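S.K.:
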Amino acid sequence: MHIVERVFRDPGRVEPDGVGPGEVEPDGVDPDEVGPDEGDPGEVDPGEGVRGEGVRRESARGAARGTPLEPPHRGVREGYLARPPHGPAGDPEVGVLVLSGSSGRIEEERCRILAREGMTALSIRWFGGSGQPPGICEVPLETFEPAIALLRAGGARRIGVLGTSKGAEAALHLSVLLPGVDAVVALSPTSLTWANVGPGKDGRDRPHRSSWTWRGEPLPFVPYDDSWTPAPARPEGGPVAIRGWYEQSRRTFAGRVDAARIPVERSGADLVLVAGGDDEMWPSLPCAEELAARRRAAGLPVRVVGDPGAGHRPRLPGEGPAPASAQFRYGGSAAADAALGAAAWPHILDALRGPYGTR
Numbered sequence: 019m020h021i022v023e024r025v026f027r028d029p030g031r032v033e034p035d036g037v038g039p040g041e042v043e044p045d046g047v048d049p050d051e052v053g054p055d056e057g058d059p060g061e062v063d064p065g066e067g068v069r070g071e072g073v074r075r076e077s078a079r080g081a082a083r084g085t086p087l088e089p090p091h092r093g094v095r096e097g098y099l100a101r102p103p104h105g106p107a108g109d110p111e112v113g114v115l116v117l118s119g120s121s122g123r124i125e126e127e128r129c130r131i132l133a134r135e136g137m138t139a140l141s142i143r144w145f146g147g148s149g150q151p152p153g154i155c156e157v158p159l160e161t162f163e164p165a166i167a168l169l170r171a172g173g174a175r176r177i178g179v180l181g182t183s184k185g186a187e188a189a190l191h192l193s194v195l196l197p198g199v200d201a202v203v204a205l206s207p208t209s210l211t212w213a214n215v216g217p218g219k220d221g222r223d224r225p226h227r228s229s230w231t232w233r234g235e236p237l238p239f240v241p242y243d244d245s246w247t248p249a250p251a252r253p254e255g256g257p258v259a260i261r262g263w264y265e266q267s268r269r270t271f272a273g274r275v276d277a278a279r280i281p282v283e284r285s286g287a288d289l290v291l292v293a294g295g296d297d298e299m300w301p302s303l304p305c306a307e308e309l310a311a312r313r314r315a316a317g318l319p320v321r322v323v324g325d326p327g328a329g330h331r332p333r334l335p336g337e338g339p340a341p342a343s344a345q346f347r348y349g350g351s352a353a354a355d356a357a358l359g360a361a362a363w364p365h366i367l368d369a370l371r372g373p374y375g376t377r
């Protein structure tokens, strides 16, 4: 299937060198500066090689070099759109907003994979861009509304949000706050709203603030325990696991947990949760099970796909293995992460397509 791609860049943005938002240099870990992530934005997109046969680009070459290109919709300054051709196998009834985690990466490869399944897929930069907080600090959830409007303007009648890690946290909130979100796929989710990962617009990452705001008000959140230190890396200077930081913070600030729960029992969206039991970034599988329990208690449907040996970065069919990190231990293995993605894939497609699933 030939897919149509469009890239739109913010001409005022300069891509950062080195580590990305929320990341630290590999010689040490500062809990003020790290957060769950799913890739290094400085690395080459592993999907770059699939831009040849079977892919047609649409009026985007100049923008990819940084030349100004008029945004296709008000409020969306930088992102990537992939859509299937019109026809029996590619009518764009389904639109999917694809959100990365704290890498801040625009998920081009994942958008292309979804477009090949007959869906229009859009990934945007939601922090670190022009006029945005440099970190995940009091990010307005309204940031995502223009992207959803763009998908609807392109003909989508069903809207899904697929998010990873911090992007899953955002996706779950959107399913509660926006009645027009029909399906959410949360990869390596949390069940709570956490404090900021990186600085806000004021350039400060302290005192702790919420990762998100809605209609100008910060969402209740769980802060980080500043006393946490990682276990010594082996070998010295090697990558570290930070799952224990989240677990310790939840215990330390137990009195703030109830208010910070993401109220998925109030969401009308179809919900798929995908998590690995060997996630070393944060406890995504226990969080997925907690979310599912609250959905079921409310009499609402939910699907949980887990694998005890998978880590923080499940790989969907068509995606290569996640790159190694010099900073963080993500857990899992290439085989287990791919197996989890393969097991989740039919559930992901079913939820995103909904009544438009017959192709």
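In the working numbering, the protein residues as written are 19 to 377. Virtual Cβ for every residue (Gly too), placed ideally from N, Cα, C. Just so we're clear, the structure is a prediction, and the values are computed from it rather than from any experiment.
What number of angstroms, rounded off, separates the C-alpha of residue 369 from the C-alpha of residue 323?
M.R.: Those two C-alpha atoms are separated by around 13 Å.
S.K.: Using the Cα positions of residue 238 and residue 302, report the straight-line distance between them to the nearest angstrom.
M.R.: Roughly 20 Å between the two C-alpha positions.
S.K.: By how many angstroms is the C-alpha of residue 133 removed from the C-alpha of residue 243?
M.R.: Rounded to whole angstroms, residue 243 to residue 133 spans 41 Å at the Cα level.
S.K.: Just to confirm the assignment: which complete beta strand (DSSP E) runs, minimum length 3, are found wholly within the segment 131 to 186?
M.R.: Whole beta strand (DSSP E) segments, 3+ residues: 138 to 142, 176 to 182.
S.K.: Going by DSSP, what residue range makes up the alpha helix (DSSP H) through residue 114?
M.R.: No alpha helix (DSSP H) contains residue 114, which is instead part of the beta strand (DSSP E) from 112 to 117.
S.K.: Can you tell me which of 350, 164, 120 puts its alpha carbon nearest to the alpha carbon of residue 140?
M.R.: Cα-wise, what sits closest to residue 140 is 164.
S.K.: Give me the Cα-Cα distance between residue 240 and residue 103, rounded to the nearest whole angstrom.
M.R.: Using only the alpha carbons, I get a separation of about 44 Å.
S.K.: Suppose contacts are defined by Cβ-Cβ distances below 8 Å. Is residue 365 in contact with residue 282 by that definition?
M.R.: No. Outside cutoff.
S.K.: Using 8 Å for Cβ pairs, my map puts residue 330 next to residue 288. What's the rounded Cβ distance?
M.R.: About 24 Å; that fails the 8 Å criterion.
S.K.: How big is the Cα-Cα spacing for residue 229 and residue 154?
M.R.: The alpha-carbon atoms of residue 229 and residue 154 are separated by roughly 5 Å.
S.K.: Please report how far the alpha carbon of residue 221 lies from the alpha carbon of residue 180, in whole angstroms.
M.R.: About 29 Å.
S.K.: As a quick exercise: from 355, 189, 171, pick the residue whose alpha carbon is nearest that of residue 157.
M.R.: Residue 189 is the option with its Cα nearest to residue 157.
S.K.: Pairing CB atoms from the segment 115 to 129 with CB atoms from the segment 305 to 318, are three or more of them under 8 Å?
M.R.: In short, these stretches do not touch, since the Cβ pair count stays below three.
S.K.: Assign residue 219 to buried or exposed, taking buried as 16 or more other Cβ atoms, counted over all protein chains shown, within 10 Å of its Cβ.
M.R.: The residue is exposed, with fewer than 16 neighbouring Cβ atoms inside 10 Å.
S.K.: Beta-carbon within less than 8 Å of residue 217's beta-carbon, same chain only, minus the 5 sequence neighbours each way: which residues are those?
M.R.: Cβ neighbours of residue 217 beyond the five flanking positions: 151, 152, 153, 155, 223.
S.K.: Check this for me: beta carbons of residue 159 and residue 231, under 8 Å apart or not?
M.R.: In contact: residue 159 and residue 231 (Cβ atoms closer than 8 Å).
S.K.: If you drop the 5 nearest sequence neighbours on each side, which residues of the same chain put their C-beta closer than 8 Å to that of residue 294?
M.R.: Cβ within range, chain order: 206, 302, 303, 324, 325, 326, 327, 328, 329, 330, 332, 349, 350, 354, 355, 358.
S.K.: Just verifying my parser: in three-state terms, what is the DSSP assignment at residue 85?
M.R.: Its pLDDT being 26, under 50, residue 85 is placed unreliably by the model, and the measurement read from it follows with that caveat. If DSSP states are grouped into helix, strand and coil, residue 85 belongs with coil.
S.K.: DSSP three-state call for residue 212: helix, strand or coil?
M.R.: In this structure, residue 212 counts as strand in the three-state DSSP scheme.
S.K.: What are the boundary residues of the beta strand (DSSP E) that residue 204 is part of?
M.R.: Segment 201 to 205, the beta strand (DSSP E) holding residue 204.
S.K.: Output needed for residue 371: all residues of its chain with C-beta closer than 7 Å, excluding positions within five of it in sequence on either side, in chain order.
M.R.: Excluding sequence neighbours, residue 371 sits near 112.
S.K.: Mind checking whether residue 162 and residue 192 have CB atoms under 8 Å apart?
M.R.: The answer is yes: Cβ separation under 8 Å.
S.K.: Between the alpha carbons of residue 97 and residue 124, how many angstroms are there, rounded?
M.R.: Straight-line Cα distance between these residues: approximately 6 Å.
S.K.: Whose C-alpha, out of 135, 300, 195, is nearest the C-alpha of residue 260?
M.R.: Out of 135, 300, 195, 300 has the C-alpha closest to the C-alpha of residue 260.
S.K.: Among 208, 226, 367, 338, which has the Cα closest to the Cα of residue 214?
M.R.: Nearest C-alpha to residue 214: 226.
S.K.: Can you check the segment 202 to 290 for any beta strand (DSSP E) of at least 3 residues that lies completely inside it and give the ranges in chain order?
M.R.: 230 to 232, all fully within the segment 202 to 290.
S.K.: Within the continuous alpha helix (DSSP H) that includes residue 361, where are the two ends?
M.R.: 352 to 371 is the extent of the alpha helix (DSSP H) around residue 361.
S.K.: Looking only at its own chain, which residues have a Cβ that is under 6 Å from the Cβ of residue 320, when we skip the five neighbours before and after it?
M.R.: For residue 320, where only same-chain residues beyond five positions count, the Cβ hits under 6 Å are 289, 310, 313.
S.K.: Which of the three DSSP states is assigned to residue 323 in this structure?
M.R.: Residue state, collapsed to three classes: strand.
S.K.: Output the distance between the C-alpha atoms of residue 363 and residue 201, rounded to the nearest integer angstrom.
M.R.: Answer to the nearest angstrom: the Cα atoms are 14 Å apart.
S.K.: How long is the line joining the alpha carbons of residue 174 and residue 121, rounded to whole angstroms?
M.R.: Each residue's alpha carbon lies about 28 Å from the other.
S.K.: In terms of alpha-carbon separation, which member of 256, 280, 317 lies closest to residue 342?
M.R.: Residue 342 has its Cα closest to that of 256, out of 256, 280, 317.
S.K.: Who does residue 123 pair with in a DSSP beta bridge?
M.R.: In the DSSP output, where bridge partners are listed per residue, residue 123 has none listed.
S.K.: Identify the residues that DSSP records as bridge partners of residue 294: which are they?
M.R.: Paired residue(s): 325.
S.K.: In terms of residues, what are the limits of the beta strand (DSSP E) holding residue 101?
M.R.: Start and end: 97 to 101.
S.K.: Would you kindly work out how many angstroms separate the C-alpha atoms of residue 144 and residue 182, rounded to a whole number?
M.R.: Cα-Cα distance, rounded: 13 Å.
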